[in-house]
Structures are given as structure tokens and as C-alpha cells.
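The structure under discussion appears below in the form of C-alpha cells.
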Amino acid sequence: MKKSWPGIALALLIFTGCAKDPLNNLSSDEARLYITNHNDSASFSSYTSFRVADSVAVIHNNQLQEKARTDFDAQLIEAIAARMQQNGYTRVQAGTTPDIGITISRVYNDYTGVISYPDYWGGYGGYWDPFYWGYPGYGYYFPGIIGTYTVTDGAISIDMFDIKNAKANDKLDFLWNGLIRGSGTFTSANINKNVQALFDQSTYLKRN
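Just so we're aligned, residue 1 is where the sequence shown starts under our numbering, counting upward by one.
Encoded structure:
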């Protein structure tokens, strides 16, 4: 059978051009990124209590800016505490040493780039006749654009540390980390579902 390669190529091009990009159809909830990691040597069932720090670290470009407790931060702290309690851990307050210490950080990073359009300028001023300025017959000149832009990316990091064995180990060992990133990360209405998503990925993180 004789094959028409140009015809096949054209068909593939049409098919590809008509195919929908699945990423374009994702909601902000579906596009949000949840990353979890844990210490493989940790036995989470051996810990009984926890305490969440009463404020949130605000980190901008790898520099600690402040410790804050906004309404959003307070809701996030309580959502994490509630989920830990659901998983069988006992919450203790300041003054009592917990088995697990939990810290929360809001992390912001700025990314700067350069944008260049050498053959384009808005050029809308060119619709005015140069005669208006007393220079009939003159033309307008618009240089190319070279500019900079800055984008700020934000995330929430939740970290758990081994307080129970800190003295014996002479260090605070990492136990677990959860990262939330993407559209809606800092929306109060998403706090519970964001925390749930992290814990749903971490089925080992429970007392019983």
C-alpha cells in the first residue's frame, strides 16, 4: 500500500492542533502543588504528643523577616493541630515539652528577568500627525523595548522535628515536611483542604 507522508504529517498536525491541553482545564485546586517528605527511620507511632509554634516565620528571599500571627496564620495553626489530634496525637501547650515540635513558615521568593522586544513599541503616539508639533513631513521613531520584571512566588512550609529524642541524639532530627504551593495557597477558605491534602499523602503520620 502506498503511503502519503505529507498527508499523514498534515493529519497529525491537525490532530495535535485540535487536541486540548489538559493543564488549561485545571481548577486552582487541581493545579495546587503538595509535596511531602519524611525521615524514613522515624517511627511515628512512637510519639504521643505535639506542639505547634504559636507564630509563623515569614521568610523572604531566604531571609527571616519576622514572626507573625495573622488571622490566616492562626487558622492554619489550628487546622494542623486539629489534624494531628485526629491522627491520635495529644496537643500540649507552652511549658510542656512535646514529642513532636511543629513549625510553620510562609516563604516568598522574588524572581527577576529581562524582557526584550527589539522590533516593537506601543507606537500609539504615532497616530498623531507630526504637523501638530510643528514638524510636518517628519516621522516618529520608537526604540526597542528592554525592561525588567519581577515575579513573587509564595509557599507554605510545615516542618516537624523530633523533640522526644533531642537530648539523647544531641540534635533536633527532621521528621516530616509538607509544602503547599500554587494558586490559592494563601486563601483562608483553602486552609483545611490544603492541610488535609498533605496528611492524605502521609498515611504513616499517625499515632494509632
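Built from N, CA and C at the ideal position, the CB exists for glycine as well.
Sorted by chain position, which residues of the same chain lie with C-beta nearer than 6 Å to residue i's C-beta, five sequence neighbours on each side aside?
i      : result
Ser105 : Ala57, Ile59, Ser157
Val107 : Ile59, Ala155, Ser157
Ile14  : Per-residue confidence for Ile14 stands at a pLDDT of 45, beneath the threshold of 50, marking its modelled position as unreliable; no derived number is given.
Measure the C-alpha to C-alpha separation of residue i and residue j and round it to an integer number of angstroms.
i      : j      : result
Thr36  : Asn177 : 6 Å
Ser43  : Ser202 : 13 Å
Phe199 : His38  : 12 Å
Arg207 : Tyr47  : 7 Å
Ile102 : Asp159 : 6 Å
Gln196 : Gln65  : 28 Å
Val151 : Glu30  : 22 Å
Gly88  : Gly113 : 47 Å
Phe174 : Gln85  : 20 Å
Tyr211 : Asp129 : Residue 211 cannot be examined here, being either before or after the span of the chain that is shown, 1 to 208.
Leu172 : Ala81  : 20 Å
Asp54  : Tyr149 : 36 Å
Phe50  : Ala79  : 14 Å
With a threshold of 8 Å on Cβ separation, who are the neighbours of residue i within its own chain once the five nearest residues in sequence on each side are excluded?
i      : result
Met1   : Caution is warranted here: a pLDDT of 44 is assigned to Met1, below 50, making its placement in the model unreliable, and the coordinate value is therefore given only provisionally. Result list for Met1: empty, nothing under 8 Å.
Ala11  : Legend: pLDDT at Ala11 = 45, less than 50; position of this residue unreliable, no value from coordinates given.
Tyr204 : His38, Phe44
Would you check if the distance between the CB atom of residue i and the CB atom of residue j is smaller than 8 Å?
i      : j      : result
Ser188 : Gln75  : yes
Asp110 : Asn165 : no
Ile191 : Ile100 : no
Excluding the 5 residues flanking residue i on each side, which residues of the same chain have their C-beta closer than 7 Å to its C-beta?
i     : result
Asp21 : Unreliable placement is indicated for Asp21, whose pLDDT of 47 sits below 50; no coordinate value is reported for it.
Determine, for residue i, whether the minimum Cβ-Cβ distance to residues of chain D falls below 8 Å.
i      : result
Gln196 : Looking for chain D here will not work: only one protein chain is present.
Name the one or two DSSP bridge partners that residue i has.
i     : result
Asn37 : Asn177
Secondary structure, alpha helix (DSSP H): runs of 4+ residues fully inside the region 55–139: Those alpha helix (DSSP H) runs which fall completely within the region 55–139 and span 4+ residues are 71–86.
Can you give, in chain order, each stretch of the beta strand (DSSP E) that sits fully within the region 139–208 and has at least 3 residues? Counting only runs of 3 or more, we get 145–162, 173–181.
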